[in-house]
């Protein structure tokens, strides 16, 4: 079952069979945009390097320090899919989000925080 799910994910990620489009998308000749997951208009992020795009979560989703939550994505070669979720960092209530718990981390260096 896990193999089927992985194959479906790989197939879904490869929407364009043209190898030229994958390389031109990463060329960095155009400005990158931040796509809001709440469906609102994207914002231009001129500082994005290497084709990375900052995705902002809906306003109701916040980090434990009250700052807006975001994550980064980059289009790459659809024939080479790597999906990584780093462990830890999640909290689900006032008790698990408190600053004196192991899951609390102040803005990580290098993440635009």
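Residue numbers (the working numbering): 21 to 133. Even for Gly, the Cβ is constructed at its ideal location relative to N, Cα and C.
With 16 other Cβ atoms within 10 Å as the buried cut-off, status of residue 82: Residue numbering aside, residue 82 sits at position 62 when the chain shown is read from its first letter. Burial call: exposed.
Suppose you measure from the CA of residue 99 to the CA of residue 80; what does that come to, to the nearest Å? Numbered from its first residue, the chain shown carries residue 99 at position 79. Numbered from its first residue, the chain shown carries residue 80 at position 60. Cα to Cα, residue 99 sits roughly 35 Å from residue 80.
Out of curiosity, what's the CA-to-CA distance linking residue 102 and residue 116? Along the chain shown, read from residue 1 onward, the residue named residue 102 stands at position 82. Along the chain shown, read from residue 1 onward, the residue named residue 116 stands at position 96. The alpha-carbon atoms of residue 102 and residue 116 are separated by roughly 30 Å.
DSSP on residue 48, reduced to helix/strand/coil? By one-based count along the chain shown, residue 48 stands at place 28. With a pLDDT of 40 at residue 48, under the threshold of 50, the predicted position of this residue should be treated as unreliable, though the coordinate-derived value follows. The answer is coil: DSSP assigns residue 48 none of H, G, I, E or B.
Use the C-beta contact count for residue 84: other C-beta atoms within 10 angstroms, 16 or more gives buried, fewer gives exposed. The residue labelled residue 84 in the question sits at position 64 within the chain shown. The residue in question, residue 84, is buried, as its Cβ has 16 or more Cβ neighbours within 10 Å.
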